[in-house]
Amino acid sequence: MDAEVRGCGSAKQVSNSDQKGMDIRRGPWTDEEDSMLKNYVTINGEGRWNSVARCTGLKRTGKSCRLRWLNYLRPDVKRGNITLQEQLLILELHSRWGNRWSKIAQYLPGRTDNEIKNYWRTRVQKQAKQLKCDVNSKQFRDAMRYVWMPRLIERIRAMATSKSQYLDGPTNTYRPDLPLNNQTGLIPNQSHAPMSSGPAEPYLRPAISSTSSDSSEAQVSSDLTDCYDLPCGNYIEISQNESGGLIQQGLDIQTCNDDQHSNGWFGGGVDTLDSLWDDEESMWFLLQQLGDVNEV
DNA sequence: AATGCAAACAACCGCATGCTC
DNA sequence: TGAGCATGCGGTTGTTTGCAT
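The opening position of the first sequence corresponds to residue 108 in my numbering, with each subsequent residue numbered one higher.
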């Protein structure tokens with residue numbers, strides 16, 4: 108990744124109202140700038156970003172320094188592909204909170220809000236586009252809930268099983284109506300504090316220092332379009348719910364646009380959004396799996 | 001090998017919020 | 001209480017990278 112910050116002599120010199128009278132550098136950071144910022148934070152700790160420039164001679168705004176530190180230089184930043192577990196968690200948390208990226212990021216150790224936001228925009232919204240759906244539409248939500256997420260769970264379980272008998276499970280049937288911990292075949296680890304009432308603090312595991320090189324974990328991207336071969340407009344078989352009735356008999360993808368904004372998945376009050384799984388334990392279980400599978 | 005395009009990622013910008021005086 | 005400043009957040013844009021032709 109260092110290549111991304113090399114050869115940056117072209118960084119523009121512009122005036123900036125944040126720091127009047129100074130020439131402010133913009134654009135990619137150089138190794139030297141990174142080093143200066145790291146040294147500053149090592150000595151002074153995080154915060155007081157506007158004083159960084161004064162103390163170090165960096166010709167960057169406080170905002171820029173903060174962003175660079177949080178998104179790139181911080182030692183616990185986890186680099187590399189978003190894993191399947193993380194994808195699943197992002198989908199779940201986004202269904203709860205919408206575009207609350209920083210809040211979502213709190214539940215993904217080592218991932219930044221910027222990274223999650225980029226993931227959402229480049230991957231998830233791409234899927235909606237390919238399906239000719241609005242990302243806010245009920246159809247797309249259902250596609251995620253009944254196609255994408257089950258597929259992710261199956262892949263997670265398959266990869267975990269292939270790596271260890273620890274995660275053996277008897278069933279292959281995903282049940283969208285059941286909590287994750289009742290259907291994945293994964294064994295909850297009670298030591299990781301499933302909390303029926305939710306945590307007082309975001310659940311942050313110890314810093315994960317993995318990089319893109321630890322590719323043994325599930326890092327294969329998964330999307331909606333590889334979950335079925337049907338062209339847009341065809342129906343998709345959807346599973347039955349527990350009482351035997353069809354939850355959703357099919358997804359008429361081409362009608363998605365008719366439903367745009369109809370249920371305010373993003374736009375409405377995010378805290379009132381109906382979650383994919385209602386109980387807190389499901390989410391904590393997923394968080395736990397995120398850690399446990401990484402450790403297998 | 002060169003070119004064009006799309007995807008992915010890094011960084012910036014404007015606004016909101018919180019803190020201090 | 002309100003002004004000024006610092007920081008945080010989410011949206012957007014610019015740049016780089018990788019792939020197809």
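We put the CB at the ideal spot given by N, CA and C, even for glycine.
Are residue i and residue j closer than 8 Å when you measure CB to CB?
i	j	result
W208	D220	yes
E193	R218	yes
L165	L144	yes
I211	I189	no
L259	L215	no
R262	L191	yes
V254	V242	no
Comparing alpha-carbon positions, which option in the options lies nearest residue i?
i	options	result
G187	E222, K245, D130, N151	E222
Y179	K239, D249, D141	D141
V148	R181, R133, S171	R181
I131	V159, F247, I150, V184	V159
E139	R167, K245, P257, M266	R167
V184	N206, M251, Q213, M256	Q213
R133	L238, G169, H201, A250	G169
R228	G152, H201, K245, R252	H201
G152	T137, C172, K245	C172
N225	K239, L238, N206	N206
CB-CB under 6 Å to residue i, same chain, minus the five flanking residues each way: which ones, in chain order?
i	result
S316	In this prediction, S316 has a pLDDT of 35, which is less than 50 and means its spatial position is unreliable; nothing more can be read from the coordinates.
L311	Residue confidence is low: L311 scores 34 on pLDDT, short of 50, so the model does not pin down where it sits. Its coordinate-derived value is still stated next. Cβ neighbours of L311 beyond the five flanking positions: P216.
Grouping DSSP H, G and I as helix and E and B as strand, with all else coil, what is residue i?
i	result
L177	helix
R203	helix
V377	Only weak support exists for where V377 lies, its pLDDT of 33 falling under 50; the value from the coordinates is given anyway. Reduced to three states, the DSSP call for V377 is helix.
I211	helix
I189	coil
R132	strand
G169	helix
D183	coil
P301	Caution applies to P301, whose pLDDT of 32 falls short of 50 and renders its modelled position unreliable; the value that the coordinates give is listed next. The answer is coil: DSSP assigns P301 none of H, G, I, E or B.
P404	The structure shown does not extend to residue 404, since the chain is modelled only from 108 through 403, so no value can be given for it.
Skipping 5 residues on each side, what residues in its chain have a beta carbon closer than 8 Å to that of residue i?
i	result
N146	T163
Need the endpoints of the alpha helix (DSSP H) that residue i sits in, please.
i	result
T149	138-151
V159	157-163
D249	245-250
K239	No alpha helix (DSSP H) contains K239, which DSSP labels as neither H nor E.
Y226	220-226
Cβ-heavy atom distance between residue i and the ligand ADP below 7 Å?
i	result
D138	With respect to the ligand ADP, the structure shown offers nothing to examine, as it has no ligands at all.
Excluding the five sequence neighbours on either side, which residues of its own chain have a C-beta within less than 7 Å of the C-beta of residue i, listed in chain order?
i	result
L177	T219
N157	G169
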